[in-house]
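Asks: In my numbering, the protein residues as written are 160 to 502. Using N, Cα and C, we set each Cβ at its ideal position, and we do this for glycine too. What follows is a structure written as structure tokens; I'll ask about it next.
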Ligand SMILES: [Zn+2]
């Protein structure tokens with residue numbers, strides 16, 4: 160009997176992974192932007208999914224990019240949220256019925272299977288994570304932390320889908336930092352917890368955020384811009400290390416490569432220039448950034464990640480004493496404490 164005619168008993172859950180990223184297409188011919196949405200599934204091995212030639216990531220549509228000038232200026236942001244959720248609802252509508260009742264599909268080994276596609280992950284940068292979670296960018300898209308407690312290492316109550324929908328219906332937006340989106344696209348999706356779907360945004364939160372916007376700036380205000388450049392310039396040239404001949408303040412475009420090259424030598428270039436407590440802070444945050452990027456995680460790697468974060472929080476008061484900063488109530492610093500559970 161042909162396998163394709165032979166239905167497999169039971170059903171298969173297919174974890175759906177979505178990704179969206181609003182991008183500028185051209186800076187020369189007007190500010191043309193596109194907002195593609197991609198879909199892949201968790202049943203495909205990560206090694207294959209990451210190969211461009213495997214075409215495991217499918218473009219399922221484009222979201223509308225509009226300046227929304229037909230609305231009053233103060234409502235542009237909210238109109239943008241509503242438009243995003245409406246367009247996503249239309250795009251993902253087929254997942255509602257298929258998730259509940261399953262859909263017959265032929266698997267790679269030729270069997271006819273009853274497949275239930277369930278949204279389980281949404282890859283997006285921080286502003287789009289807030290858009291997906293219907294919350295304002297000044298708030299965490301995962302939990303109910305208050306903006307004046309972002310810098311503390313304390314567990315906060317996570318958003319729940321049911322409570323968030325209730326809050327949106329009751330119109331208590333400002334209380335929980337939510338935006339007035341009455342019909343979020345995930346409302347009807349079966350078995351989906353959208354707040355558990357959000358994934359860490361390593362480029363914006365760690366490379367550009369924690370390292371570039373905070374760690375480098377803190378160190379610069381302690382030892383001075385000139386001195387930090389001298390340290391980078393004085394570095395011994397080595398074949399596999401990038402040599403910043405003009406220092407780092409003259410770098411105009413900070414790409415992921417520049418960040419990675421700077422991080423490799425940053426701790427050693429600071430030895431002797433900052434006190435041991437500051438060095439511990441730099442060391443612990445860089446450790447955290449490196450551990451996060453491991454391709455595979457075990458209990459041990461998650462424990463050392465947690466220890467690095469605790470070390471940072473245990474020493475961060477030194478930066479306040481040195482008058483480098485007043486507090487640490489920054490969403491990007493807060494976001495680090497969600498990494499372990501999200502992984
Ligand atoms: Zn949070």
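Considering only the alpha carbon of each residue, which of 437, 438, 460, 380 lies closest to residue 447?
Replies: Here the closest residue by C-alpha is 460.
Asks: How many whole angstroms separate the CB atoms of residue 193 and residue 261, which I take to be in contact at a CB cut-off of 8 Å?
Replies: About 33 Å; that fails the 8 Å criterion.
Asks: Closer than 5 Å between the C-beta and any heavy atom of ligand 1: which residues qualify, listed along the chain?
Replies: Taken from the N-terminal end onward, the list reads 299, 301, 302, 304.
Asks: So, with DSSP's three-state summary, where would you put residue 192?
Replies: Three-state result, residue 192: strand.
Asks: Going by the beta-carbon positions, is the gap between residue 312 and residue 346 smaller than 8 Å?
Replies: No, the pair does not count as a contact, with Cβ atoms beyond the cut-off.
Asks: Using 8 Å as the threshold, is the region 379–394 in touch with the region 404–411, meaning 3 or more CB pairs across them?
Replies: They touch, by the three-pair rule.
Asks: For residue 329, which option in 318, 341, 434 has the closest C-alpha, if you only look at C-alpha atoms?
Replies: The candidate whose alpha carbon is nearest that of residue 329 is 341.
Asks: Please state whether DSSP places residue 503 in a helix, a strand or coil.
Replies: Since the first residue of the chain shown is 160 and the last is 502, residue 503 is not available in this structure.
Asks: Could you compute how far the alpha carbon of residue 395 sits from the alpha carbon of residue 464?
Replies: Residue 395 and residue 464: Cα-Cα distance of roughly 30 Å.
Asks: Mapping DSSP to helix, strand and coil, what is residue 251?
Replies: In this structure, residue 251 counts as helix in the three-state DSSP scheme.
Asks: Is DSSP giving residue 301 helix, strand or coil here?
Replies: Three-state result, residue 301: coil.
Asks: Count the other CB atoms within 10 Å of the CB of residue 480; is the residue buried (16 or more) or exposed (fewer)?
Replies: Under this definition residue 480 is an exposed residue.
Asks: Helix or strand or just coil, what does DSSP make of residue 385?
Replies: DSSP places residue 385 in helix when its eight states are reduced to three.
Asks: Under a Cβ-count criterion, where at least 16 other Cβ atoms within 10 Å of its own Cβ denotes burial, should residue 288 be classed as buried or exposed?
Replies: With 16 or more Cβ atoms within 10 Å of its Cβ, residue 288 is classed as buried.
Asks: From the DSSP secondary-structure annotation, give me the bridge partner or partners of residue 263.
Replies: Its beta-bridge partners are 273.
Asks: Going by Cα to Cα distance, which pick from 476, 456, 468 is closest to residue 502?
Replies: Among 476, 456, 468, the Cα nearest to that of residue 502 is on 456.
Asks: DSSP has residue 340 in a bridge; who is on the other side?
Replies: Paired residues: none, contrary to the question.
Asks: What residue from 427, 343, 375, 284 has the CA that sits closest to residue 240's CA?
Replies: Of the candidates 427, 343, 375, 284, the one whose C-alpha sits nearest the C-alpha of residue 240 is 343.
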